[in-house]
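Asks: Residue numbers for the sequence shown follow the numbering used here, so the first one is 26 and each next one is one higher.
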Amino acid sequence: MQALVYEEGRVRPRTVAAPAAAPGHTEIRVLRTGLCGTDIGAVRKGRPAVTDNTTMGHEIVGVRVSDGRRVVVNPLVSCGICSFCRSGVTNLCTALQIIGVHMDGGFAEYVSVPDNQVIEVPSECTDEQAGIAEPVATALHAWNRAGFGPGSRVGIVGAGAIGLCVLSVATEKGATNIGVTDVDPLKRDHALKNGATAVSASLEEEYDVVFECVGLEATRKDALNAVRSGGTLILVGLADATAAFDGRSIVTFERSVIGSFGYLHQDFVEALPITAKMSTDWVTLVPLQDGPGLLDGTATPPAGSAKVHLNFAPPSSGDALTLETRSTQ
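Following this line, the structure appears as structure tokens:
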């Protein structure tokens, strides 16, 4: 089968053997798999560190071979026995492994994953909607970490996939004033079409809760400045360890700063009904051969695209765009 395999810091297309059936595992014929910032960071920066000779890809939609049902995969595999797992916060597992990082993932025609990582897709979800279940689960977990409810004033920094998913979750949960910022006007347009009440290049009001979905020092600073006194900043975007904060304003304005990592399995389950209501006009489907270039930066997605899915479905299932490759000379 065809797969994208991580080898010595690069991702290469390879013909590999299909995964063998194993007890306690589910074999899935992949339909599409999303490209994530985590994947890009692994290839370009070596973070997270991918196990060599591993097939990457963790935002998986496919068909369970045993019964033909469509499924998605929770890629966070926890040990089940550490103190965090026993207390229900499995995303903080001390032995956490990620499908597509530490074990073979979904940039392939077939993948085999532990049975308890598989979640059936409701019939009302399209493949494209199911393909954003993972970032929606991330957004839902972040919302739950914030602890706000209907009527909240919400700011979102970054209108990439995570930011747009936070927007949809906030709308679903009854937020009444949602401001979204992004430097890309096309992504701001996506936010406006998908429920934002205001869009701009930077947040211009103060909010009860602000979700920082980029991870840069500058965007974290802007996000913190937009939190009202007594409000909350939720950090969702992964940042370099050197990203600094204005500790004085956190103290004097009693702003809370909360990190949010990944999701729980229940977040993933609850994300699917939300995805079924979402527009996916910001998702682009491309062929497998475009994957390496998108990961290493020698190709770029179409302008305004916030999420790219690699296509593994039969040709009759839909056309995929072919991207132009940038010269590396």
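Heads up, the beta-carbon is just placed ideally off N, CA and C, and yes, glycines get one too. Remember, predicted model here, so these are calculated numbers, not experimental data.
Does the Cβ of E32 have 16 or more other Cβ atoms within 10 Å, making it buried, or fewer, making it exposed?
Replies: exposed
Asks: For the stretch 142 to 206, which segments carrying the alpha helix (DSSP H) assignment without a break, of at least 4 residues, lie completely within its bounds, in sequence order?
Replies: 152 to 155, 158 to 171, 186 to 197
Asks: Is it the case that the Cβ atoms of C150 and L297 are separated by a distance below 8 Å?
Replies: yes
Asks: In chain order, what are the residue ranges of uninterrupted alpha helix (DSSP H) at least 4 long that sit wholly in the stretch 266 to 300?
Replies: 272 to 277, 290 to 300
Asks: Ignore the nearest five residues each way along the sequence and tell me which others in F278's own chain have a CB closer than 7 Å to its CB.
Replies: Excluding sequence neighbours, F278 sits near S254.
Asks: Throw me the rounded Cβ distance for the V29 and T80 pair, which I believe falls under 8 Å.
Replies: Residue 29 is actually Leu in this sequence, not Val. Their Cβ separation, rounded to whole angstroms, is 7 Å, which keeps L29 and T80 in contact under 8 Å.
Asks: Going by beta-carbon coordinates alone, are E145 and V96 separated by less than 8 Å?
Replies: yes
Asks: Are L121 and S103 touching if we call contact CB-CB under 8 Å?
Replies: yes
Asks: How about H215 and D292: do their beta carbons lie closer than 8 Å?
Replies: no
Asks: Can you tell me whether DSSP reads S225 as helix, strand or coil?
Replies: strand
Asks: For N336, count neighbouring Cβ atoms within 10 angstroms of its own Cβ and tell me buried if that reaches 16, exposed if not.
Replies: buried
Asks: Considering only the beta carbon of each residue, do I53 and V161 sit closer than 8 Å?
Replies: no
Asks: Suppose the cutoff is 6 Å on Cβ atoms and the five residues either side in sequence are ignored; what does the same chain contact list for L249 look like?
Replies: L258
Asks: So is R94 buried or exposed if we call it buried at 16+ other beta carbons inside 10 Å?
Replies: exposed
Asks: From P339 to F132, what distance separates their C-alpha atoms?
Replies: 15 Å
Asks: Can you round the beta-carbon distance between I157 and V308 to whole angstroms, since I take them to be within the 8 Å contact cut?
Replies: 7 Å
Asks: Answer with buried or exposed for T58, where buried requires no fewer than 16 other C-beta atoms within 10 angstroms of its C-beta.
Replies: buried
Asks: For S227, which residues from the same chain have a beta carbon less than 7 Å from its beta carbon, with the 5 sequence-adjacent residues on both sides left out?
Replies: These residues qualify, in order along the chain: T206, D247.
Asks: Between the C-alpha atoms of L319 and T196, what's the straight-line distance to the nearest angstrom?
Replies: 31 Å
Asks: Just verifying my parser: in three-state terms, what is the DSSP assignment at D233?
Replies: strand
Asks: Would you please state the rounded distance, in angstroms, between the beta carbons of G322 and R69? I believe it to be under 8 Å.
Replies: 6 Å
Asks: Scan the stretch 41 to 90 and note each continuous alpha helix (DSSP H) run of 4 residues or more that stays entirely inside, going in chain order.
Replies: 62 to 70
Asks: Given a threshold of 16 other Cβ atoms within 10 Å of its Cβ, counted over all protein chains shown, does I181 qualify as buried or as exposed?
Replies: buried
Asks: Quick one, which of H127, V88, V143, T40 has its alpha-carbon nearest N99's?
Replies: Closest by alpha carbon: V143.
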